Amino acid sequence: MKVSSKGEYALRALITLGKNENSVTSIKEISNQTLVPIQYLEQILLLLKSHGYVKSKRGVYGGYLLKNHPKEIVIGEVIRDLEGPLAPMSCVSITAYEYCPLEDQGCLLKPLWALIREEVALILDRTTLHDILEGQLPVGRGEKD
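Position 133 of the sequence shown, counted from 1, bears residue number 147 in the working numbering, the numbering being contiguous throughout.
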């Protein structure tokens with residue numbers, strides 16, 4: 015899995031809106047806080063809006079705000095919506111599986127790719143925007159509490 019600038023910038027925008035949770039934030043202010051150019055940010059915010067993460071308000075005092083509480087925004091869902099599957103290889107993808115001829119020969123890498131997919135999905139699916147805003151990321155399987 016590789017997170018593109020689109021995914022990174024979308025998360026930055028969500029964080030900015032989460033910090034200003036119940037108020038409308040202008041695109042210029044979001045751009046200033048995220049260091050994302052306004053033209054690119056417009057496209058990203060439209061994507062976030064189409065996926066139901068943000069809503070917009072028109073007018074002189076218009077801008078964007080979160081559609082749901084930060085506890086309801088799961089980072090794994092955001093990444094999948096904007097970037098596609100979390101799997102590092104399509105042969106282990108749950109949502110976009112593609113057959114690989116090496117599977118029939120007992121590919122020794124497939125279990126590794128599957129483990130990576132599972133760990134990434136576990137962490138991202140247990141992380142909400144609220145967790146990020148509070149600096150309380152979930153503990154991974156390999157880490158101790």
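Virtual Cβ for every residue (Gly too), placed ideally from N, Cα, C.
Being a predicted model, the structure only gives us computed values, none of them experimental.
Check                                                                                                                                                             : Outcome
So, with DSSP's three-state summary, where would you put tyrosine 54?                                                                                             : helix
Which residue comes first and which comes last in the alpha helix (DSSP H) that contains lysine 20?                                                               : 19-33
For the alpha helix (DSSP H) that valine 92 lies in, which residues bound it at each end?                                                                         : 89-97
Starting from the N-terminal side, write out each stretch of the beta strand (DSSP E) that is 3 residues or longer and does not extend beyond the stretch 59-139. : 68-71 and 77-80
Going by the CB atoms, is the gap between glutamate 117 and glycine 21 shorter than 8 Å?                                                                          : no
Give me the Cα-Cα distance between histidine 83 and histidine 65, rounded to the nearest whole angstrom.                                                          : 15 Å
For threonine 48, which three-state DSSP category applies?                                                                                                        : helix
Nearest CA to the CA of tyrosine 67: which residue from Cys121, Gly32 and Gln119?                                                                                 : Gly32
Pull up the distance between the alpha-carbon of glycine 90 and that of threonine 141, whole angstroms please.                                                    : 7 Å
Taking Cβ to Cβ, would you say isoleucine 93 is nearer than 8 Å to valine 17?                                                                                     : yes
I'd like the list of long-range same chain contacts for aspartate 95, defined as Cβ closer than 7 Å, with 5 residues on each side in sequence excluded.           : His65
Buried or exposed: where does valine 74 fall if 16 or more other Cβ atoms within 10 Å of its Cβ makes it buried?                                                  : exposed
Buried or exposed: serine 45, going by 16 or more other Cβ atoms within 10 Å of its Cβ?                                                                           : buried
Measuring only the C-alpha atoms, how far is glutamate 132 from cysteine 121?                                                                                     : 18 Å
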